[in-house]
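Asker: Residues in the sequence shown are numbered consecutively from 4, following the working numbering. Virtual Cβ for every residue (Gly too), placed ideally from N, Cα, C. In this text, all values refer to a predicted model and were calculated from it rather than measured experimentally. Got a structure for you, questions after.
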Amino acid sequence: MDNRDIKQFKDVWVFAEQRQGTLTPVVVELLGEGRKLADKLGVKLCALLVGSKVKDLIQTLIYYGADRVYFVDNELLEKYTTDGYSKAVCQAVEKYKPEIIMMGATHIGRDLAPRIASKLNTGLTADCTGLEIDPEDGKLRQTRPAFGGNLMATIICPETRPQMCTVRPGVMDKAIKDTNKTGETIEIEVDISQKDIRTKVLEIVKIKRDMIPLTDADVIVSGGMGIKNAEGFKMLKELADVLGGTLGASRATVDAGWIDKSRQVGQTGTTVRPKLYIACGISGAIQHLAGMQESGMIVAINTNPNAPIFEVADYGIVGDVYEVVPQLIELLKDEVR
Ligand code: FAD
């Protein structure tokens, strides 16, 4: 494949990551964003589905906007392996030559995308938070935080194709399901054998989570340095539980060792868009706001009436978290009773 012969490459592809037959949530976000890019370019939005016995997912991908689904069904691809999947994806790309490939910046996407980009000798922008088509030349403008989140860099891949990116989960708008949508399916036979796969997955051990992941939660109760100590998160967890939500945190509390890094919201943490975000004792630094300001409704509790968090809040409560939160918990418990 001559990857510098740009004119040969067409269409926008979304890698339809699935685990044990379930699509990862970011795929619906990629299809939402991919639709916009494909429409701007006047090309097809396609999904690439790789696995074994996952044919049932094809219809879902079409309902969420795929005009065409490329489908690789091979029992050697039942479980994810870097070798197996990179070989399958590269063969599909070499045959059908997409112009853009989008993947979720999940553990699998972060592992797979660089392998493919390097095998195809093309560029990759990892962890994008913004994508757009340049109106002048149709190139993909890929934006991501750089230098530890201190500036946003917009990157292009001018000489080679495909243009590849991984996209942060939780950032892009989800595609809307349309059960009237139709699309075509193309099955791809890949040339792959057991000896191509150097790793063997012996067992998949799922970590038992006692809390909903940040990106899946409709309600996030988030704590900052204003809660004073790690114990404060117990009170916030109680509020989150009453609301059926989960815990978030500012980076300062993570750095203080009060809560796990997986809970950090912000530019160097997770980007979230819950229906309700309650910021408790969080000042509202720009890096924190970058990760939560698209939430449906923001409630802020802070003793300082001039805290920047109030600038993005829909409802602001000027007060001490240790006075306000217990009252909220009691009120909400009464509602539920
Ligand atoms: P503070 O700024 O100390 O604010 C504490 C707040 O609590 C204050 O507003 C205070 O008025 C209020 N308060 C005090 N007591 C009470 C009380 N009893 N009741 C109610 N309110 C009270 N930060 C992130 O969060 N996420 C990121 O991803 C992130 N990435 C970063 C990347 C870079 C490159 C840099 C330089 C910084 C980053 N930061 C990030 C850090 C960020 O700049 C702030 O330092 C951090 O968000 C502050 O956390 P905080 O609001 O908990 O603490």
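To the nearest angstrom, how far is the alpha carbon of K13 from that of D194?
Answerer: On the sequence shown, position 10 is the one that residue 13 refers to. On the sequence shown, position 191 is the one that residue 194 refers to. Taking the straight line joining both Cα atoms gives about 23 angstroms.
Asker: Check for me: the beta strand (DSSP E) holding Y280 runs from which residue to which?
Answerer: In the sequence shown, counting from the first residue as 1, residue 280 sits at position 277. Here the beta strand (DSSP E) through Y280 covers L279 to C283.
Asker: Tell me which same chain residues have a C-beta within less than 7 angstroms of the C-beta of V31, skipping the five on either side of it?
Answerer: Counting from one through the sequence shown, the residue named residue 31 turns up at place 28. Result list for V31: Y67, K177 and A178, in chain order.
Asker: Looking only at its own chain, which residues have a Cβ that is under 6 angstroms from the Cβ of M295, when we skip the five neighbours before and after it?
Answerer: As a first step, residue 295 is located in the sequence shown; it is residue number 292 there, counting from the start. Excluding positions up to five away in sequence, the list reads V268, V275 and Y280.
Asker: Quick check: the Cα distance between D221 and I207, rounded to an integer number of angstroms?
Answerer: Taking the sequence shown and counting its residues from 1, one reaches residue 221 at position 218. Taking the sequence shown and counting its residues from 1, one reaches residue 207 at position 204. The alpha-carbon atoms of D221 and I207 are separated by roughly 28 angstroms.
Asker: Just list the beta strand (DSSP E) runs in the region 31–102, keeping only unbroken ones of 3 residues or longer that don't cross its boundaries, in chain order.
Answerer: List check, beta strand (DSSP E) in window: 48–54 and 71–76.
Asker: Quick one, what's near the ligand FAD if you take every residue whose CB is closer than 5 angstroms to any heavy atom, in chain order?
Answerer: Per the Cβ criterion, the list is G151, G152, G227, M228, G229, S253, R254, A255, G269, Q270, T271, G272, G284, I285, S286, A288, Q290, H291, N305, T306, N307, A310, D323 and V324.
Asker: Judging by CA-CA distance, which residue of L242, M155 and G141 is the nearest neighbour of A129?
Answerer: Reading the sequence shown from its first residue, position 126 is the one you call residue 129. The shortest Cα separation from A129 among L242, M155 and G141 belongs to M155.
Asker: Reducing DSSP to helix, strand and coil, say where D130 ends up.
Answerer: For this step, residue 130 is matched to residue 127 along the sequence shown. Correct three-state label for D130: strand.
Asker: Using DSSP's beta-bridge definition, name the partner residues of P148.
Answerer: Stepping through the sequence shown from its first residue, residue 148 is reached at position 145. In the DSSP output, where bridge partners are listed per residue, P148 has M155.
Asker: What's the gap between the Cα of K98 and the Cα of P148?
Answerer: As a position in the sequence shown, residue 98 is number 95, starting the count at 1. As a position in the sequence shown, residue 148 is number 145, starting the count at 1. Distance between the alpha carbons of K98 and P148: 33 angstroms.
Asker: How should E326 be labelled, buried or exposed, when 16 other C-beta atoms within 10 angstroms of its C-beta is the threshold for buried?
Answerer: Translated into the one-based positions of the sequence shown, residue 326 becomes position 323. Under this definition E326 is an exposed residue.
Asker: Taking C-beta to C-beta, are G107 and V29 nearer than 8 angstroms?
Answerer: Stepping through the sequence shown from its first residue, residue 107 is reached at position 104. Stepping through the sequence shown from its first residue, residue 29 is reached at position 26. Yes, these two residues count as a Cβ contact at 8 angstroms.
Asker: What's the call for I312, buried or exposed, on a 16-neighbour Cβ count within 10 Å?
Answerer: Here the question's residue 312 lines up with position 309 in the sequence shown. Per the 10 Å Cβ criterion, buried.
Asker: Work out the CA separation of V224 and K240 for me, nearest whole Å.
Answerer: In the sequence shown, the residue the question calls residue 240 occupies position 237. In the sequence shown, the residue the question calls residue 224 occupies position 221. So the alpha carbons of these two residues sit roughly 8 angstroms apart.
Asker: With a threshold of 8 angstroms on Cβ separation, who are the neighbours of T85 within its own chain once the five nearest residues in sequence on each side are excluded?
Answerer: The count along the sequence shown starts at 1 and reaches residue 85 at position 82. Closer than 8 angstroms at the Cβ level, and outside the excluded window around T85, lie D114, L115, R118 and T202.
Asker: Of all the options L44, G260, C131 and M105, which has the alpha carbon lying nearest to the alpha carbon of E20?
Answerer: Counting from one through the sequence shown, the residue named residue 20 turns up at place 17. Checking every option, the nearest Cα to that of E20 belongs to M105.
Asker: Out of R22, T182, L205 and V302, which has the shortest C-alpha to C-alpha gap to K56?
Answerer: Within the sequence shown, the letter at position 53 stands for residue 56. The residue with the shortest Cα to Cα distance from K56 is R22.
Asker: At the level of alpha carbons, what is the spacing between T109 and L334?
Answerer: Translated into the one-based positions of the sequence shown, residue 109 becomes position 106. Translated into the one-based positions of the sequence shown, residue 334 becomes position 331. Looking at the two C-alpha atoms, the distance is approximately 38 angstroms.
Asker: What does the Cβ neighbour count give for E36, buried or exposed, with the cut at 16 atoms within 10 Å?
Answerer: In the sequence shown, the residue the question calls residue 36 occupies position 33. That one is buried.
Asker: Spell out the partners DSSP gives T25 in its beta bridges.
Answerer: The residue labelled residue 25 in the question sits at position 22 within the sequence shown. Answer by DSSP bridge pairing, in chain order: R22.
Asker: For K122, which residues of its own chain have a beta-carbon under 7 angstroms away from its beta-carbon, when the five flanking residues on both sides are left out?
Answerer: Here residue 122 is taken as the residue at index 119 of the sequence shown, counted from 1. Here the set comprises S89 and C93.
Asker: CB-CB under 6 angstroms to I111, same chain, minus the five flanking residues each way: which ones, in chain order?
Answerer: In the sequence shown, the residue the question calls residue 111 occupies position 108. Cβ neighbours of I111 beyond the five flanking positions: E20 and Y83.
Asker: What residue range is occupied by the uninterrupted alpha helix (DSSP H) comprising L115?
Answerer: Numbered from 1 along the sequence shown, position 112 holds the residue referred to as residue 115. Where L115 is concerned, the enclosing alpha helix (DSSP H) stretches over H110 to L123.
Asker: Are the beta-carbon atoms belonging to V315 and C283 less than 8 angstroms from one another?
Answerer: Numbered from 1 along the sequence shown, position 312 holds the residue referred to as residue 315. Numbered from 1 along the sequence shown, position 280 holds the residue referred to as residue 283. Cβ atoms of V315 and C283: not closer than 8 angstroms.
Asker: Secondary structure at T274, three-state DSSP: helix, strand or coil?
Answerer: Numbered from its first residue, the sequence shown carries residue 274 at position 271. T274 falls in the coil class under three-state DSSP.
Asker: Rounded to whole angstroms, what's the CA-CA distance from L44 to K264? Just pull it up for me.
Answerer: Counted from its first residue, the sequence shown places residue 44 at position 41. Counted from its first residue, the sequence shown places residue 264 at position 261. Taking the straight line joining both Cα atoms gives about 39 angstroms.
Asker: Assign I218 to one of three DSSP states: helix, strand, or coil.
Answerer: Along the sequence shown, read from residue 1 onward, the residue named residue 218 stands at position 215. The question names Ile, but residue 218 is Thr in the sequence shown. Reduced to three states, the DSSP call for T218 is helix.
Asker: Take I158 and list the residues in its own chain whose beta-carbon comes closer than 6 angstroms to its own, dropping the five residues that flank it on each side.
Answerer: Residue 158 sits at position 155 when you count from the first residue of the sequence shown. Here the set comprises T128 and Q145.
Asker: Is it the case that the region 65–80 contacts the region 181–192, given that we only count it when at least three CB pairs across the two stretches are under 8 angstroms?
Answerer: Touching, per the Cβ criterion.
Asker: Identify the continuous beta strand (DSSP E) that holds Q166 and give its terminal residues.
Answerer: On the sequence shown, position 163 is the one that residue 166 refers to. That run of the beta strand (DSSP E) goes Q166 to V170.
Asker: Could you name the residues of the same chain whose beta carbon sits closer than 7 angstroms to that of G272, not counting the 5 residues immediately before and after it, in chain order?
Answerer: Indexing the sequence shown from 1 puts residue 272 at position 269. If we look at G272 and ignore the five residues flanking it on each side, its Cβ neighbours are R254 and G294.
Asker: Just mark N305 as buried or exposed, buried being the case when its beta carbon has 16 or more other beta carbons within 10 Å.
Answerer: For the purposes of this step, residue 305 is taken as residue 302 along the sequence shown, with counting starting at 1. Per the 10 Å Cβ criterion, buried.
Asker: Helix, strand or coil for S286, going by three-state DSSP, please let me know.
Answerer: Translated into the one-based positions of the sequence shown, residue 286 becomes position 283. S286: coil per DSSP, three-state reduction.
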